[in-house]
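As they're listed, the protein sequences go chains A and B. Under our numbering, the first residue of the first sequence is numbered 1, with each subsequent residue one higher. Under our numbering, the first residue of the second sequence is numbered 218, with each subsequent residue one higher. All C-beta atoms in this analysis are idealised placements derived from N, C-alpha and C, irrespective of residue type, glycine included. The structure displayed is predicted, hence computed values, not measured ones. Worksheet: one structure, shown below.
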Amino acid sequence: MSLSLAFLGGLLALDATSVGQFMVSRPLVAGTLTGWWLGDPALGLQVGALLELFHLAGVPAGGSRVPETGPASVVAVAVAMSAGGLTGLAFGLVAGLAVSELGGITVGLQRQVVGRLFERIDAGSVTAPKVTAAHLGSVLLDFVRGAVVTAVAVVVGGWLSGVLASRWPLPYETTIALVLVGASVHLGALLKGFGGWKNRRAVFLVGLVAGIVGAYL
Amino acid sequence: MTNVEAKRPPGWMSSFLRQFIIQGSWNYRSMLGSGFAYCMIPLLRRRGLSGHELDDAVRNHMGPFNSHPYLAGLALGAVARMEDSATDTETIEKFKRAIQGSLGGLGDLLIWGAWRPTTLLLALVLVWAGAPPWIPVGVFLIVYNLGHLALRWWGYSRGLRYGKDVGARLRGAELSRLGERVFSGGALLLGILVGAFLVSRLAAEDASALWSFAGIAAFGLGLKFGHRALRGTTLVVVLVITLLTALGNA
């Protein structure tokens with residue numbers, strides 16, 4: 001199972017930067033896809049949606065290090081399923097958040113390696129076949145990196161969740177409330193990104209009222 | 218327009234398709250530079266270049282270049298047009314240096330800052346409304362990628378049509394006004410989601426209203442500090458959950 005998840009993680013890692021950016025690697029999509037792969041798309045959607053709230057406001061501007069969401073979502077859902085219950089939900093989220101940061105670091109390392117590769121090519125003789133091979137090789141490297149990150153994290157996360165299963169002390173409602181309070185910081189930052197309170201107050205409040213009325217109905 | 222359409226340089230379609238992996242070799246040294254050169258190869262080959270001539274032309278395109286990936290096609294198309302009209306290397310380099318800032322800034326604002334979070338919010342509202350898994354995921358992928366693919370095509374074809382003058386055309390485009398509309402739509406959807414969260418917390422049986430107030434305070438914190446608060450919040454959530462698990466009911 002780890003191998004198939006590693007393959008999925010590798011493919012999702014490609015979507016983030018190297019190939020296409022169709023946003024299949026977003027937690028909402030990648031989480032649901034992993035849940036479907038493992039036989040529980042509803043859990044995948046739940047974990048993916050919670051994880052998405054923590055990544056919604058992130059903007060990968062320039063070369064800044066950003067969390068990597070594809071492999072992280074695979075790990076989050078796999079850990080949530082292996083731990084089961086509330087511990088699974090809470091621990092899956094933690095695994096997803098931690099792996100997204102670690103994954104971001106490996107992306108930075110990969111970019112350094114690719115930079116050195118092209119530096120060598122530039123220093124020697126540049127030919128079209130060499131540039132093509134190096135470019136496609138870099139795509140392959142990204143796939144392998146994503147697969148390795150996913151495989152290692154699924155194994156470690158699965159082991160930890162086995163050790164810590166049944167230790168989660170909070171009931172479901174409180175667990176969700178705790179996570180949503182954390183996510184609220186990200187949602188506030190998103191409103192700032194949309195133009196801030198001053199510029200978007202009216203339309204935000206219209207939505208807020210609609211959300212409250214809709215939830216009561 | 219018809220004249221320009223008829224003059225699409227040979228190899229343009231391969232180059233257009235290659236832009237989907239233009240970031241494949243993104244690195245801190247040349248950023249998109251090596252990917253840009255990779256995308257130019259079919260155009261250069263179809264111009265009849267081979268051997269040392271081709272290698273020299275590829276080398277000329279390997280310099281540092283950065284852009285939002287969806288708008289990189291605009292520069293690619295423009296450079297394809299310039300190569301086709303035998304524009305000198307120095308002018309092409311100047312053009313790439315001049316346009317990259319606008320393409321990066323505009324793309325980050327319009328796509329990463331507005332379009333992506335807004336379409337994701339739409340999907341999250343559907344999740345909150347209880348839609349089955351494939352609906353929010355399907356709606357997000359279709360709506361988001363309609364915009365994504367349209368922008369890629371728009372950028373590449375504009376670049377091909379206007380060549381080095383595409384920068385002036387870009388300034389006149391209505392992209393900023395479109396961005397404003399998307400921002401407003403995003404704020405509306407964000408309001409709906411926050412409203413639904415608030416009600417669900419207040420109505421929850423074993424969670425006190427204090428959680429709602431904590432959520433409002435956290436939202437205010439994010440609104441005040443913006444992106445500076447994100448990494449710290451993630452760390453706090455990870456630490457709290459880890460600590461609670463470690464101290465939990467053994």
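- By the neighbour-count criterion, in which 16 or more other beta carbons inside 10 Å mark a residue as buried, residue 279 of chain B falls on the buried side.
- Distance from residue 204 of chain A to residue 437 of chain B at the Cβ level is roughly 13 Å; contact not present, criterion being Cβ atoms closer than 8 Å.
- Residue range 128-164 is occupied by the alpha helix (DSSP H) that includes residue 133 of chain A.
- Taking the Cβ atoms as the reference, residue 392 of chain B lies roughly 6 Å from residue 327 of chain B, within the contact range of under 8 Å.
- In terms of Cβ geometry, residue 122 of chain A and residue 18 of chain A do not form a close pair [threshold 9 Å].
- DSSP, reduced to helix, strand and coil, places residue 248 of chain B within a strand of the structure shown.
- The beta carbon of residue 248 of chain B is closer than 7 Å to those of 281, 282, 283 in its chain, skipping five residues each way along the sequence.
- In the three-state scheme derived from DSSP, where H, G and I count as helix and E and B as strand, residue 282 of chain B is classed as strand.
- Of all alpha-carbon atoms in B/292, B/411, B/339, the one lying nearest the alpha-carbon of residue 387 of chain B is that of B/292.
- A distance of 9 Å or more separates the beta carbons of residue 28 of chain A and residue 58 of chain A.
- Under the Cβ distance rule, residue 69 of chain A does not count among the residues neighbouring chain B, no pair being separated by less than 9 Å.
- In this structure, residue 77 of chain A sits near residue 31 of chain A, with a CB-CB distance shorter than 9 Å.
- Closest by C-alpha distance to residue 337 of chain B, out of B/361, B/373, B/315, is B/361.
- Per DSSP, reduced to three states, the secondary structure at residue 287 of chain B is coil, with no helix or strand assignment.
- In this structure, DSSP gives residue 441 of chain B a helical state, which the three-state scheme calls helix.
- Put simply, the CB of residue 7 of chain A is far from chain B, with every gap to its CB atoms at 9 Å or more.
- Per DSSP, reduced to three states, the secondary structure at residue 232 of chain B is helical.
- Contacts between residue 238 of chain B and chain A, judged by CB atoms closer than 7 Å, involve 18, 19, 139 in chain order.
- Taking all protein chains shown into account, residue 202 of chain A has fewer than 16 neighbouring C-beta atoms within 10 Å of its C-beta and is therefore exposed.
- Around residue 108 of chain A, the same chain offers 65 as residues with beta carbons nearer than 7 Å, after the five sequence neighbours per side are excluded.
- Taking the Cα positions, residue 181 of chain A is about 18 Å away from residue 87 of chain A.
- Between residue 97 of chain A and residue 72 of chain A, the C-beta gap is smaller than 9 Å, which places the two residues in contact.
- Spatial neighbours of residue 183 of chain A in its own chain (CB-CB distance under 8 Å, excluding positions within 5 residues in sequence) are listed in chain order as 50, 53, 54.
- The Cβ-Cβ distance between residue 320 of chain B and residue 288 of chain B falls below 9 Å.
- Measuring C-alpha to C-alpha distances from residue 117 of chain A to each of A/105, A/136, A/104, A/106 identifies A/136 as the nearest.
- When secondary structure is reduced to three states using DSSP, residue 416 of chain B falls in the helix class.
- Annotation: residue 89 of chain A to residue 214 of chain A spans about 26 Å, alpha carbon to alpha carbon.
- Between residue 462 of chain B and chain A, the shortest Cβ-Cβ separation is below 9 Å.
- Under the three-state reduction of DSSP, residue 83 of chain A is assigned to helix.
- As the crow flies, the alpha-carbon of residue 461 of chain B is around 40 Å from that of residue 243 of chain B.
- Cβ contact annotation for residue 434 of chain B (same chain, cutoff 8 Å, sequence separation greater than five): none.
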